[in-house]
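For the sequence shown, my numbering gives the first residue as 875, with consecutive numbering after it.
Each remark here refers to the structure printed beneath this line.
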Amino acid sequence: MDFRWTPDDERFRQEIRDVLREELPPDWLAQVGGDEEEGGARSEFEAEFAHKMGRRGWLTVGWPKEYGGMGWPIFQQMIFNEEMAKHKAPRKFTNAGPRMAGPVIMLHGTEEQKKRHLQPIARGETIWCQLFSEPNAGSDLASLQTRAEDMGDYFLVNGQKIWTSQAHDAQWGIMLARTNQGVPKHKGISYLLVDMKLPGITIRPIYNMADVHHFNEVFFDNVRVSRDCLVGQKDAGWYIATATLNFERSGISATVPAIQLFEELVAFAKKGVNGYKPLEANPALRNKIGDMAAYLRVAILLSWRVGWMQASGGPPPAYQSALSRLYAAELTQRLVQLGMEIMGHWGEPTQDSQMKALNGKVQKLYRGQRAITIGAGTSEIQRNTIAMRGLGLPRG
């Protein structure tokens, strides 16, 4: 792996930065009510930003041009994703649609599905959600019980999904449902595209420990999903689902915000507030801060290794992606713990408190990051992947 950037890479990165500075004010979150607000001014701003990026082809930079993308190689895609994260760009229109639904439709969808969905995703006109996890099928996803009964022209869907990000905003969802009860669990699952406005769909909000509404429960009561929304072959959805999950595990989008938070914490530790200077009050923090700087460097290199492997055209980085995801998730939890140590009692006030420091973000992240080692595959699942695919250990 070559760690050096070429002059073309640097020029490309600067172009991305220039456009984002023009289109995305550094205080955009404050202008729309802060990062604890959903809907209203924030949704309007995010939609407008998505349309601007979509007109440039920047929501789907790695897609072929005929589908609304830019055809950029893997490294340019990762440079773009890194700069988007550094500028705290809105992600509502750039997650499930461009990163999961679109690539799956390109690889496995019919021509009709491609014509119907890919251009609207690329233009930032539709929001998608991922309808995978269920109350009793999270880490063991293949145990899902949501049924899709084949009725000829349509599938009759009944069941429940949970922890569905952005379901309350989404127009479409990618869904796994059981279409065959008489075969091993991995072989009886189909992959469906679901119009989230269909009759029989009920969405209920879930508020996390930071009092933020991002997740939802979604209930399906005799929902009719047209047969032309089946992706690939009936009962063959597990392979497609595995491909979907591989698109979200490089780790770059999680690592960059962690580095930014670390830089803010270091600045606070040096400067302090109201006479409280963490490094003077607790010199042992210096060692912890030094260790964290090294750990974050490892995290970013693991992410770039995944990109390098994809760009080289070799075998897909299955266990390397899991390693990057695992390392970044667990490191983020350690970082917010360190953040609370650095901030002391100044880390406890919330965003609306007059006593807040760093806009109250540290305590919010401390609460909100408890679940980061669960979503998109638990740490245990990631370790199983590393053990079996990376170390060749038997399934135990």
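Note that CB positions come from ideal geometry on N, CA and C, so glycine has one too.
Three-state class that DSSP yields for residue i in the structure shown
i, result
"residue 1126", "helix"
"residue 1144", "helix"
"residue 1079", "strand"
"residue 1227", "coil"
"residue 888", "helix"
"residue 1035", "strand"
"residue 1002", "strand"
"residue 1049", "strand"
"residue 982", "helix"
"residue 1044", "coil"
"residue 1023", "strand"
"residue 1239", "helix"
"residue 1248", "coil"
"residue 1267", "coil"
"residue 1222", "coil"
"residue 893", "helix"
Beta-carbon proximity check, residue i vs residue j, cutoff 8 Å
i, j, result
"residue 952", "residue 1126", "yes"
"residue 1000", "residue 1045", "yes"
"residue 924", "residue 998", "yes"
"residue 1105", "residue 979", "yes"
"residue 1163", "residue 1140", "yes"
"residue 1072", "residue 1038", "no"
"residue 1111", "residue 1050", "yes"
"residue 903", "residue 963", "no"
"residue 1207", "residue 1243", "yes"
"residue 1096", "residue 1030", "yes"
"residue 1204", "residue 1259", "no"
CB-CB length for residue i against residue j, believed under 8 Å
i, j, result
"residue 996", "residue 941", "6 Å"
"residue 1017", "residue 1059", "6 Å"
"residue 1143", "residue 1159", "7 Å"
CA nearest to the CA of residue i, picked from the options
i, options, result
"residue 936", "946, 927, 920", "946"
"residue 878", "949, 1109, 963", "949"
"residue 991", "1028, 959, 1067, 1052", "1067"
"residue 1040", "1215, 1252, 1168, 917", "917"
"residue 1179", "1063, 1228, 1199, 1248", "1199"
"residue 929", "919, 943, 938", "943"
"residue 1085", "1224, 977, 1196", "1224"
"residue 1252", "973, 1197, 1265, 1228", "1197"
"residue 1249", "1011, 898, 987", "1011"
"residue 1098", "1210, 895, 1171, 1024", "1024"
"residue 874", "985, 919, 895", "In the structure as shown, the chain starts at 875 and stops at 1270, and residue 874 therefore has no counterpart that could be examined."
"residue 1107", "1020, 889, 966, 981", "981"
"residue 1027", "883, 1101, 1230", "1101"
"residue 977", "893, 900, 1048", "1048"
"residue 1201", "1152, 1254, 888", "1254"
"residue 932", "1177, 993, 1103", "993"
"residue 965", "939, 1166, 987, 927", "927"
Minimum Cβ-Cβ distance from residue i to chain B less than 8 Å
i, result
"residue 984", "Protein chains in the displayed structure number just one, and chain B is not present."
Close beta carbons around residue i, own chain, < 6 Å, minus the five adjacent residues each side
i, result
"residue 1002", "970, 971, 975, 1044, 1046"
"residue 1263", "1192, 1193"
"residue 1267", "1261"
"residue 1007", "1036, 1037"
"residue 1076", "1093"
Own chain partners of residue i with C-beta closer than 7 Å, once the 5 adjacent residues on each side are dropped
i, result
"residue 1078", "1090, 1091"
"residue 891", "957"
"residue 1183", "1191, 1194"
Neighbourhood of residue i by C-beta distance below 8 Å, restricted to the same chain and skipping five residues each side
i, result
"residue 1062", "1052, 1053, 1054, 1055, 1056, 1109"
"residue 1213", "1135, 1139, 1221, 1236, 1239, 1240"
"residue 1115", "1006, 1015, 1050, 1063, 1065"
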